[in-house]
Every structure is written in C-alpha cells, then in structure tokens.
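> For the sequence shown, UniProt numbering begins at 1 and goes up steadily by one. No residue lacks a Cβ here, since even glycine has one placed at the ideal position from N, Cα and C.
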Amino acid sequence: MSKRPADLPSQPRPAKLQNTGPLVDLGEHFLPDAHTLHSMNREISAELNKVYPNGFKQRDLVEVYDIVQARSGDLLQPFESVSRDFLFSEGWNLHNSFREAYRTGDFKRIMLISQLRQPASLLRNLPAAPRHSQVSVPREAWATPFIGKSHDVLLLNLQRMYKHSLQASVDTSKHLSHTSIIQSSGSGKSRMVDEVSKLMFAIPFNIRKPEDSKVGAWPLPDDAIRELLVRLGTASDEARMTCGFLSFFQGVFGEIAHTVEREFKQPCRSREEFASSWHAYLSSGNHRSELYRRVVRRTDGLLAESHKLAIQQIAPNTREALRALVSLVYRLSSCSISGESPANCLQVLIYFDEAHDLVASPALQGVTKSPLDVLVQALDEFERCGAFTLLMSTQLHTPYVAPSSPFTNSARYVPRVGTMHAPITETPFDCFGSSKLIPSRLKVGDVGKVALMACFGRPMWRAMLSPYSDHVLAEYTDTDGPTIVSLDFTLWSAREETLLAFARSKLLCCDKLTGPMTDYPRAARTAVIDARIMLSYGAHPSAQQYQMDLVASHVRTVYSIPRDRECIYSGYSSEPVLAEAAARQLALWRELEPQNPDNTRPLIEPAVAILQRLLQQDLLARGETGEIGKTVGRLLLLLARDNAARSSSNPKQTTHYSRPISVEAFITALFPTDIAERILESVPDNQVPGEDTKTFREVFKDAVLNFTHYAKWEDDSVLSEDGALGCFIRHLAGICGDRKAIVDAFLPILMDRQAPLSPDVMSGIFIQFKLRGKAGIRSAYAIDEEAIGFFGGDGKTLQPYITLIMELGGTNPLPLLERTPTDYHSPTAVLERAQIARQGGSTSSPIAPVSPSQAVIPDAQVRGHRLAVHPRYSMYVYGCSPSVYKVIGKQERGIYKRIIRSGDLLGEHPRQDAQSLAALRNQKPFFDHASLNWLKKEALKVDKPQSADDTEAGMFCGSEIAGEGDE
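#1: Please classify G91 as buried or exposed, where buried requires at least 16 other C-beta atoms within 10 Å of its C-beta.
#2: Sort out for me which residues DSSP pairs V877 with in a bridge.
#3: Counting only the same chain and skipping the five closest in sequence on each side, list residues whose C-beta sits under 6 Å from that of A953.
#4: So the candidates are T144, V450 and N49; which of them puts its Cα closest to the Cα of E497?
#5: Pull up the DSSP beta-bridge partners for A711, would you.
#6: What residue range does the beta strand (DSSP E) around D549 cover?
#7: Pull the bridge partners of residue 991 from the DSSP assignment, please.
#8: What whole-angstrom Cβ distance do R208 and G448 have, given they're in contact under 8 Å?
#9: Who are F766's beta bridge partners in DSSP?
#10: Is DSSP giving N599 helix, strand or coil here?
#11: For H76, which residues does DSSP report across the bridge?
#12: Determine contact between the region 148-161 and the region 95-108, defined as no fewer than three beta-carbon pairs at a distance below 8 Å.
#13: Does the region 536-543 come within contact of the region 501-519, defined as at least 3 CB pairs closer than 8 Å?
#14: Quick one: what's got a C-beta closer than 8 Å to P423's C-beta in the same chain, skipping five residues either side?
#15: Spatial neighbours of S190 within its chain, please: CB distance less than 6 Å, with the 5 preceding and 5 following residues excluded, ordered by chain position.
#16: Given that a residue counts as buried once 16 or more other Cβ atoms are within 10 Å of its Cβ, and exposed if not, what is E807?
#17: How many angstroms separate the CA atom of A36 from the CA atom of R42?
#18: Use the C-beta contact count for P576: other C-beta atoms within 10 angstroms, 16 or more gives buried, fewer gives exposed.
#19: Look at R556 and S570 and say whether their C-beta atoms are less than 7 Å apart.
#20: With H, G and I counted as helix, E and B as strand and the rest as coil, what does DSSP make of P267?
#21: Give the single residue among I802, L719 and G809 whose Cα lies nearest to the Cα of F790.
#22: Does E290 come out as helix, strand or coil in the three-state DSSP assignment?
#23: Would the region 727-734 count as touching the region 709-716 if we require 3 or more Cβ pairs under 8 Å?
#24: Starting from P204 and walking both ways along the alpha helix (DSSP H), at which residues does that stretch end?
#25: Would A782 and I749 be called neighbours here (beta carbons separated by less than 7 Å)?
#26: Could you check where the alpha helix (DSSP H) with V577 kicks off and where it finishes?
#27: Less than 7 Å separating the beta-carbons of Y572 and L619?
#28: Below 7 Å between beta carbons: does that hold for A581 and A503?
#29: Can you give me the Cβ contacts of P428 inside the same chain, cut-off strictly under 8 Å, excluding the 5 residues immediately before and after it?
#30: Within 10 angstroms of its Cβ, does T797 collect 16 or more other Cβ (buried), or is it exposed?
#31: With burial defined as no fewer than 16 other Cβ atoms inside 10 Å of the residue's Cβ, what is the status of R590: buried or exposed?
#32: Determine the extent of the alpha helix (DSSP H) in which Y885 is found, giving its start and end residues.
#33: Exposed or buried, S39, counting other C-beta atoms within 10 Å across all chains shown (16 or more means buried)?
#34: If you draw a straight line from the C-alpha of S493 to the C-alpha of L499, how long is it?
#35: Can you check DSSP and say which residues form a bridge with Y468?
#36: Within 10 Å of its beta-carbon, does L935 have 16 or more other beta-carbons around it, so buried, or fewer, so exposed?
Okay, here's the thing in structure tokens:
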C-alpha cells in the first residue's frame with residue numbers, strides 16, 4: 001500500500017529537483033508538443049469538471065493532483081513521491097496554481113514545476129543553452145576539442161599489440177588480431193576511439209540496440225549493420241554462422257575499397273591526413289549510412305553464393321579483400337615511399353562499439369556459441385594482414401577469459417591465455433586538460449558547485465554540463481580563456497539537478513529513482529554505498545564476477561585486467577558527482593524505511609542493511625585483515641557527515657551533501673550530546689593545562705570539514721597540507737594504503753571558512769580504526785603530527801589538529817596494570833618519572849575501572865615542561881554502540897556487532913553462551929592464554945571465555961588521554 005504524506009515520517013524528505021525560486025522553474029521546452037498538450041488539458045479539464053463541478057478546496061488537493069498526474073503521461077510524479085518539504089512550504093501556492101489551471105483549462109504551468117516532475121521526464125528534455133534537441137548535449141560534446149592524451153596512448157598500445165602479433169610464431173599468433181576495451185558507461189570509450197580514427201584509417205561499427213539510442217546516446221548506431229549481424233547470428237549451425245561473418249567482412253573490405261578509390265584520387269601527405277579525411281567523409285551527410293547499406297547489399301550477394309562454398313574457400317577470399325584494402329590505404333597514406341610491406345605495420349583499425357549486444361543465448365540445436373564468439377573466431381583469419389580489431393564493451397566477454405577464470409563457461413570457445421592480448425582499460429578521467437585549478441581563487445562555497453565537481457571523474461559529467469563547466473574552469477583555473485558571459489543562468493540549476501538525477505539512474509541502472517530500497521536489485525544497492533565508502537571484496541570467483549557486474553551495469557571503474565584473467569582490479573574512483581548522487585539516493589531510501597518510534601531515523605539504516613547482506617553472501621573481504629572494522633569505521637563517519645549536512649541545510653531546499661559542514665556540526669552528529677559536549681570543551685592533550693590552552697570549540701569555531709566519499713592513497717602524501725587541500729576540493733576522505741602508516745583515514749579541515757583555499761589554512765582529523773577483542777592502551781595509539789610531518793612552514797605557526805582512535809571491537813577493557821603502557825615498570829620509565837617528579841611534576845593517579853557504556857574523566861596530567869608543538873585534540877572511543885555513536889540506532893546494535901565479528905570464529909559461532917565457547921576453545925582452533933589450562937601451575941591465570949554480548953563502550957578525549965601517564 002502506498003504511503004500518503006500523513007503516513008510518512010515527519011522528518012523532511014530530500015526533494016529530487018527543488019529550487020528556491022517561484023513554483024514554475026522550467027522552460028517550455030520541457031512540455032510535450034502542442035497537440036499532445038492540448039489533448040492532456042482537455043482530458044484533465046473534463047475529469048475535474050465531472051468530479052468537482054463547483055470547484056475544489058485545498059483539502060481536495062491530493063485527489064485533484066491524482067487526476068492531473070494520471071492524465072499527464074509520465075510527466076508528473078505520484079503524489080506520494082513529491083517532497084513533503086515542498087508541499088508543506090508551498091502548499092497554499094500550489095493550491096492556487098491548481099485553481100488557476102482549473103479555471104483556465106491550461107495545466108502547462110503545473111507541468112513546469114520541477115518538484116512535481118518525474119526525473120526521467122527531465123532527462124528526455126535535458127535543457128541546453130541555447131535550446132536544443134534531446135541529443136544535442138552529447139552530440140555537441142563530440143564537437144568540442146578532445147581533452148587529454150588518452151587517444152595517443154591507445155594508438156601506441158594498438159600498434160604495440162600488432163607488432164607483437166607479427167613477432168609471435170605461427171602457432172601462437174592466433175587470437176592476436178584483436179583485443180577489447182572494457183570500461184563502464186560514460187567513461188569516454190567511444191570518443192577516445194573516434195579520436196584514434198582521425199590518426200589511423202578506421203572502419204567503425206556501432207551496434208547499439210536502437211531502443212538504447214532514444215535517450216540521446218551518441219554516436220547513433222549503424223542499424224543496417226546491426227540488423228545484418230543479428231541475422232547472421234541466427235544461422236542454423238556454427239559453420240554457416242562463420243561463413244556468414246566471413247562473407248560480411250569480405251563485403252565490408254570490398255565496398256570500402258571501392259568507395260575509397262572513388263572518393264580519394266590522389267595520395268595524402270601522411271597517414272594522419274588520410275585518416276582524418278576518411279573520418280571527415282564518414283561524418284558528413286549520410287555517407288556512413290549509405291556506405292553500410294551498400295555493404296549489406298554486397299554481403300547479401302556474397303551470402304547467396306557462400307552456401308555453395310566451404311569455410312576453407314571463403315576465408316582466403318576474405319583475406320585477399322582485406323589485403324587489397326590495406327594496400328590501397330598504404331598507398332594513399334604515402335607510406336609506400338618507405339618501401340616496407342603494407343602488413344609490416346598497422347594500417348587499418350576495425351572497431352565494434354557496444355560489442356556486448358551481439359551476445360545472445362544460443363537457441364538453435366547444436367549451436368553452443370554466441371554470435372560474438374563466432375565473430376571473434378572469424379577475426380583470427382586476419383592475422384598478419386595489416387589490420388587489427390577492437391571490441392568495445394562494458395562487459396568482459398567469455399572469449400577473452402582464461403579457462404581457470406571465474407567467468408568461464410566450459411561450453412564456450414576459450415583461447416589459451418598465453419595467446420591473447422590483455423583487455424584495454426585505460427580511458428579518459430579528470431577532464432581538466434592542461435588547465436590547473438588555482439586554489440586561492442576558490443572559497444568554501446565554490447567547491448560545492450556541481451559544474452566544478454563535474455570536471456572530476458569520467459568525461460560524461462562535464463559533457464552534460466557544458467558550457468557551464470567551461471565557464472567555471474575559466475574562472476578558477478590558469479586557462480587563458482575568458483569566462484562565458486552569454487550563458488542562460490536560469491537553466492544552470494535545473495541542468496545541475498538533472499545531471500545528479502542522471503547520475504543516480506546510472507548508479508541504479510534504472511530510470512526509476514523514487515522507489516524504496518527493496519525495489520532495486522542487490523547490485524544497485526551495493527553501488528550506492530560502494531561509491532562512497534569503498535568496499536573491499538573477496539578474492540573468490542563469485543566476488544570477482546560481482547565486481548564485473550558492477551562495472552557492466554553500475555558505473556564501477558575497471559582499472560586493470562591481467563593477461564591471465566585470474567582477477568580484475570576495479571573500484572569506484574573519486575567522482576564527486578557520483579558521490580553526491582549516491583548520497584541523495586541513500587537519503588531517499590532512508591526516508592522510505594520504517595521509522596523508529598520518535599520518527600527521527602529509520603529503524604535500520606539502509607547502508608548498514610546493505611553491508612550486512614553483502615557479508616552474509618560472502619562477497620566482502622573479511623578475517624584477519626581488519627578490513628571489516630575499517631569499513632564500519634568509514635561508514636560511521638560518513639553517516640555522521642550526512643546527518644550534519646541535513647541538519648545544517650535549509651529545510652526548504654534539497655540537501656546538497658557536497659556543501660562543507662562545520663567541524664562542530666560533525667562532532668555533534670557523530671557522538672551523543674553528552675560526549676560531544678565533552679569533546680567540544682576539551683583541551684589539547686600535548687600541552688600543559690592552563691598555559692594559554694583553548695577549548696576544541698574555540699579553536700575550531702570557524703573550521704569546516706568536507707568529504708562525501710573515500711579514496712585510497714598509496715603513499716603518505718595525503719598526510720600533508722597539500723594533500724588535505726586536494727581532498728577538501730575533491731570532497732574526499734583519504735584511506736591510507738601504506739600498511740606501515742599510523743593513520744588509517746584522514747578527513748580534511750579548512751580552518752577558516754572565510755579564507756581563500758590554501759595549504760596554509762588546512763588541518764585534518766587523523767583516524768585509526770582498531771578491531772580487537774579487548775580495548776587496548778589508549779596512549780599506545782597516540783597519533784603524533786611530528787611523526788607524520790603534516791604541517792609545513794617554519795614551525796612557528798602552530799596549527800591545531802584532531803586525532804580519533806575508533807576501537808570498534810573493544811570488549812571488557814584490560815585490568816588497570818594491563819591498560820598502563822607496556823614500559824610502565826621498566827627501569828627507564830621509572831627513572832624518567834622520578835626525574836619528572838624531582839622537577840616538580842607528578843605522574844598521573846590510577847584510573848578507575850571503566851563501567852559499561854560509560855566514559856570516565858580522569859585528572860589531567862601535569863607536565864614539567866612544554867615544547868612548541870601543534871595542539872592536538874584527541875579522542876579515543878571504544879565500543880560500537882549507541883552509547884558512543886549517535887549514528888547507531890538501538891535496533892542496529894546487534895547488526896553492527898555481527899558485522900564486526902564476521903569472519904571471526906568465536907564471533908560467528910552459532911552458540912554464544914560461555915560453556916559452548918569454552919568447549920570450542922578447548923578444541924584448540926588457536927592458542928591463547930586460556931589454551932594453557934592443561935598445565936598445573938598455581939600462578940596460571942586463565943582468561944574467562946567471552947561472549948559476543950560482553951561489550952563495553954566508552955570515550956576519552958583531550959587531557960583525559962594524557963592522564964594515563966604516557967609521555
């Protein structure tokens with residue numbers, strides 16, 4: 001049963017496309033054509049006059065809206081999907097708008113309120129400046145100068161692959177005449193290869209399904225070629241299918257050679273000039289479509305004769321046609337003056353865009369291979385002929401997979417690994433070109449601009465916001481170009497919101513954005529959290545296949561596929577647009593989940609439910625690596641950041657999660673009120689109390705924090721002022737990939753929200769995640785900036801920083817002496833403390849035992865001297881429960897416990913009573929102190945077996961940590 005606003009929780013729900021201007025905020029190009037609009041108005045008016053002949057009142061607005069929505073095609077959202085925040089704030093104006101539409105019989109102004117529109121209906125009418133057709137944005141993006149050098153890298157790799165095929169022996173040169181580009185949607189594969197075709201003679205085929213081109217995809221598909229290939233793929237047996245594809249290629253080579261001879265009478269000055277001229281010929285008018293219609297006719301003629309011939313007779317004819325074309329290209333490119341054989345270097349590039357659309361389940365008796373399998377097999381006939389074929393796809397197809405790989409189907413044609421080229425995965429990313437951002441031109445409000453965010457990541461984002469992103473780059477980079485003054489800025493906001501809705505649809509692989517989480521498949525749900533917290537997957541086959549599914553359908557980036565195909569390397573790269581889209585989708589799911597009794601939060605946070613499900617299905621890395629604990633830690637921080645963003649936003653506007661938040665708001669969202677207040681009133685733990693020390697609240701009152709997702713750093717450069725600046729602009733938190741690093745994660749802080757961005761005003765939160773059975777020594781994990789070298793400069797300006805130790809797996813803190821630093825009773829430590837005592841200082845008093853879910857505030861330590869150090873505001877939190885983390889609900893405590901203990905033998909044992917655990921430990925799956933219970937020794941102290949419920953939680957901050965007696 002669908003929910004009406006009265007049944008929904010009271011917390012404001014994120015709107016899809018909400019602005020602060022008047023109700024009507026879309027241009028009329030978002031309306032259907034005049035005839036359709038007239039029909040809609042007539043049907044709506046007739047029904048309203050029938051139901052409400054004397055007019056309607058505000059209480060009737062829900063029913064009135066339902067009548068209008070049902071007769072507006074798919075333009076308007078169902079009433080239950082409209083933002084309640086918008087309805088509450090604009091209800092009276094909305095009522096008046098409906099009454100005026102009812103009076104005039106014209107409802108187009110209702111249809112031009114973006115908050116009421118279906119996001120998919122806006123995608124179909126993506127506005128541009130000036131007004132253009134549906135496909136104008138991607139088409140115009142192709143007309144703009146290509147940014148970067150990725151096409152040069154691709155061409156170099158193709159030439160190397162061809163050279164390798166020439167050097168291979170005859171026995172091993174099979175399967176070396178082709179390779180594939182595997183990458184997710186929007187990565188710029190097609191445009192990159194198109195740029196290569198301006199440098200090398202190319203035969204392009206786009207075999208995208210026609211229905212996938214209706215939403216503005218570009219370039220348009222070659223329908224005639226696709227229909228022919230699909231028809232050839234329905235041959236009665238594999239031999240006939242092979243003959244069909246060989247005849248197709250023979251027709252292609254013959255017809256293109258005929259066309260080239262007719263259109264190009266004189267040789268060009270270089271290979272690049274000829275390739276560019278051929279590219280221009282295919283791109284102008286209907287030359288390409290007419291050429292391929294002639295190819296189909298020629299192929300049909302060859303097919304009429306091929307039934308009389310065997311493969312052994314057709315293959316030589318096809319190779320001869322290719323050699324003739326290669327020789328022609330070689331001569332017209334002015335390469336013949338070198339005297340080399342045409343086949344000694346790559347002359348012709350053949351490529352199939354959207355090649356995965358040729359994969360179909362074999363339906364005929366005795367046919368075990370898909371059409372793409374057989375086509376790839378046919379390409380082996382073209383080795384050493386001067387041509388190379390490129391298959392472009394979002395999916396890793398089985399012919400390119402090794403027999404031992406998780407993707408292999410034993411019934412499929414699988415060549416030997418040693419004779420295949422590794423798939424190409426390098427595609428454009430971060431489309432700045434030669435321009436470089438100048439941080440001093442940016443302020444806090446600038447980093448959240450979607451037009452700037454769109455320049456980070458895959459080319460699709462910037463292309464969809466052109467020319468607005470160009471305008472932003474001209475303002476914030478060292479480019480010589482002027483800012484664009486002729487833009488229609490009234491559409492800017494709508495374009496940005498449309499882009500974010502489109503990014504959500506890409507993540508979900510679905511146009512429907514407003515459904516509850518359970519409406520979407522597992523992979524879509526995974527993508528929404530993976531794009532933000534960076535999940536780590538297992539190494540087993542099913543996890544590898546799952547990642548490839550995310551690449552194929554949910555815009556995960558594949559980084560590398562080794563030649564042996566035993567694994568893939570992939571992940572969600574740092575893309576602020578994608579992170580913002582994921583945050584909004586997660587917020588929507590959160591609103592649609594059942595709420596807790598006080599209607600302040602969902603009973604179960606969707607991200608936690610997704611994470612738990614992935615662990616139950618054994619898809620994530622777990623065990624001794626500690627990765628589960630780090631994943632939980634990252635999630636807790638991100639949930640707090642989201643909650644702080646919502647609480648800091650104008651309730652009349654959509655929450656923009658990429659807008660920086662205050663450090664104080666983050667602390668308040670992460671911890672319960674009492675703990676947050678203690679932190680805000682704490683003082684540095686590495687300075688003498690009373691000596692010009694300032695509280696956390698005073699020092700960070702003007703500081704802001706900015707991250708919407710995580711990204712991995714392989715070195716320690718993130719732990720620097722420059723690294724913090726880069727993270728802040730890019731909305732990312734750093735994951736320290738160096739295993740020797742004393743910091744697991746880093747959150748960037750700008751100390752002065754009014755200042756221009758600069759390394760000099762950067763600081764951060766340095767975080768360690770711990771996942772152990774017992775809470776450790778607080779001082780043993782102290783993070784010292786001096787050991788990191790974060791702050792530069794002359795050291796005279798002391799910048800504050802924050803450290804946070806998250807002991808997520810802590811249970812039963814150690815006894816007092818064991819909580820003391822390990823060198824507490826060493827001779828050196830005794831002498832040092834004695835010397836401090838003689839100088840007037842004193843060691844700290846013992847710390848009282850910690851009781852469950854309770855924080856203890858010990859006396860601050862008194863030090864005998866003070867060094868000029870950057871003030872450190874420290875927090876040490878142990879446990880993973882609502883008592884220490886505000887973002888954990890009471891109903892979620894058990895879920896977090898199971899997540900943290902997943903992969904742990906004792907934690908996952910189905911019987912958690914002390915007797916069963918003791919019996920399990922007695923089987924000696926591992927050895928610990930308790931395993932010595934078979935020794936008769938009076939002084940032996942055997943640990944009590946712990947159950948999963950013996951969890952305690954607590955928090956120490958500031959001088960409370962220094963009070964342990966550590967130096």
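Based on what the coordinates show:
#1: exposed
#2: M806 and M955
#3: S853, G879, S881, S883 and V884
#4: V450
#5: G734
#6: Per DSSP, D549 belongs to no beta strand (DSSP E); it is in the alpha helix (DSSP H), P541 to S553.
#7: Because residue 991 is not part of the residues shown, which for the chain are 1 to 967, the question remains open.
#8: 35 Å between Cβ atoms; not a contact.
#9: Beta-bridge annotation (DSSP): F766 is paired with F746 and T803.
#10: When secondary structure is reduced to three states using DSSP, N599 falls in the coil class, being assigned neither helix nor strand.
#11: Looking at the sequence shown, residue 76 is not His but Leu. BP columns for L76 point to R117.
#12: no
#13: Short answer: they don't touch.
#14: T179, S180, I181, I182, L396, Y400 and I561
#15: D353
#16: Label assigned to E807: buried.
#17: Checking the sequence, you will find Thr at residue 36 rather than Ala. Within the model, the alpha-carbon separation for T36 versus R42 is close to 10 Å.
#18: Label assigned to P576: buried.
#19: yes
#20: Coil at P267, not helix or strand.
#21: Checking every option, the nearest Cα to that of F790 belongs to L719.
#22: helix
#23: yes
#24: That residue, P204, is in no alpha helix (DSSP H); its beta strand (DSSP E) goes A202 to N206.
#25: no
#26: Where V577 is concerned, the enclosing alpha helix (DSSP H) starts and stops at P576 to L592.
#27: In this structure, L619 does not lie closer than 7 Å to Y572 by Cβ.
#28: yes
#29: I147, G148, S150, S187, G188, R191, M192, R458 and P459
#30: With fewer than 16 neighbouring CB atoms inside 10 Å of its own CB, T797 falls in the exposed class.
#31: By the neighbour-count rule (16 or more Cβ atoms within 10 Å), R590 is buried.
#32: Looking at the DSSP string, Y885 is not in any alpha helix (DSSP H), and its letter there is neither H nor E.
#33: The residue in question, S39, is exposed, as its Cβ has fewer than 16 Cβ neighbours within 10 Å.
#34: 10 Å
#35: Answer by DSSP bridge pairing: none, since Y468 is not bridged.
#36: exposed
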